[in-house]
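Here the structure comes first, spelled out in structure tokens, and everything after it is commentary.
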Amino acid sequence: MRVNTTHGEMDEDLLVKKEGSVDNDIEFTTWTEYWLDDELVHRSAHVTLKTSPFTALESALLG
Amino acid sequence: MANTQSLCTSFLGELMTATHNFGTAPTRSVTSADTFKGALYLASATINAGTTVYTTTGEVTGTGYTAGGVTITNATAPTATNTSATAGTAYWTASASVTYSSVTLSTAFDTMLLYNSSQSNKAVGAYTFGSQTITAGNFTLTMPTNSASLALIRLSTT
Chain A
1 MRVNTTHGEM
11 DEDLLVKKEG
21 SVDNDIEFTT
31 WTEYWLDDEL
41 VHRSAHVTLK
51 TSPFTALESA
61 LLG
Chain B
1001 MANTQSLCTS
1011 FLGELMTATH
1021 NFGTAPTRSV
1031 TSADTFKGAL
1041 YLASATINAG
1051 TTVYTTTGEV
1061 TGTGYTAGGV
1071 TITNATAPTA
1081 TNTSATAGTA
1091 YWTASASVTY
1101 SSVTLSTAFD
1111 TMLLYNSSQS
1121 NKAVGAYTFG
1131 SQTITAGNFT
1141 LTMPTNSASL
1151 ALIRLSTT
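Here the protein sequences come in this chain order: A and B.
Mapping the first sequence onto my numbering, position 10 (from 1) lands on 10, and the numbers just tick up by one.
Going from the second sequence to my numbering is simple: count from 1 and add 1000.
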């Protein structure tokens, strides 16, 4: 597979792949990194929001 | 039967479609949905409830990223769901993930500002997540489920 990197497209076999994830009440996030020796040449992330701030409305009570 | 004091749930949904105007502006000349955009902001920026309009201050910069961000897909109109005589929720969620493709964003960012580019870039909401950087890659932000309890924008009487 070819990977877009800071050096242009490279063969995945030439790179070290690292993956991770974060899962909490707000988001589920995954990320993928490709390293060429000690150089980070690609990093993508996918954040899935689980919810968002809630807005409540109310009207004044009459009487 | 008895009457119950409450804001009407239909009104909540109509707030999202500009049906009511208690003020004097804006005057709408079109009946189609506005265009909304999502811009990314550095973790060091100050985007919050006090933000009134899209700003370049604190916005990310980098290869492949255009100031102002990307257009949000809006294929699903707001929904208003009444749950009782005193409670209901109107809600809306972008109908597709927001993707910033082939970008390099080297400074940590953690916020997307949703704003209305059809109405002078007026701000809608700030949505935060864990800090990210992107290197020659894609950043994808998937929206929460479009429901009364999870949707991106929820207006509710309680």
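Glycine included, every Cβ here is placed at the ideal spot set by N, Cα and C.
>> Using C-beta distances below 6 Å, list every residue in its chain close to Leu1012 of chain B, excluding the 5 sequence neighbours before and after it, in chain order.
In response: Ala1080, Ala1090, Leu1155
> Once you ignore the five residues that flank Pro1078 of chain B on each side, which residues in its own chain have a CB closer than 7 Å to its CB?
Replying inline: Gly1013, Met1016, Thr1017, Ala1090, Tyr1091, Trp1092
> Cβ of Gln1005 of chain B less than 8 Å from any chain A Cβ?
Replying inline: yes
>> Distance check for Met1001 of chain B and Thr1061 of chain B, CA to CA, integer angstroms please.
In response: 60 Å
> What three-state label does DSSP hand Leu14 of chain A in the structure shown?
Replying inline: helix
>> So if I threshold CB-CB distances at 8 Å, which residues from the stretch 35-55 of chain A count as touching chain B?
In response: Leu40, Val41, His42, Arg43, Ser44, Ala45, His46, Val47, Thr48, Leu49, Lys50, Thr51, Ser52, Pro53, Phe54, Thr55
>> Check for me: the alpha helix (DSSP H) holding Phe1011 of chain B runs from which residue to which?
In response: 1009-1015
> Enumerated in chain order, which unbroken segments of the alpha helix (DSSP H) with a length of 4 residues or greater are wholly contained in the stretch 1014-1073 of chain B?
Replying inline: none
> What residues from chain A crowd round Arg1154 of chain B, counting only those whose CB sits closer than 8 Å?
Replying inline: Scanning chain A for C-beta atoms nearer than 8 Å to the C-beta of Arg1154 of chain B yields Ser52, Phe54, Thr55, reported in chain order.
> If the cut is a Cβ gap below 7 Å, which residues of chain A does Met1143 of chain B touch?
Replying inline: Leu49
> Which of helix, strand or coil does DSSP assign to Ser1131 of chain B?
Replying inline: strand
> Between the stretch 1116-1135 of chain B and the stretch 30-45 of chain A, do at least 3 Cβ pairs fall closer than 8 Å?
Replying inline: yes
> What does Asn1138 of chain B touch in chain A if you count any residue whose Cβ is under 7 Å from its own?
Replying inline: Ser44
> How long is the line joining the alpha carbons of Thr1051 of chain B and Thr1076 of chain B, rounded to whole angstroms?
Replying inline: 26 Å
> Which class does Phe28 of chain A belong to by DSSP, given the choice of helix, strand or coil?
Replying inline: strand
> Which same chain residues, not among the five before or five after Ser1131 of chain B, have their C-beta less than 8 Å away from its C-beta?
Replying inline: Ala1043, Ala1108, Phe1109, Asp1110
> Do you know offhand how far Leu1152 of chain B's Cα is from Asn1121 of chain B's?
Replying inline: 18 Å
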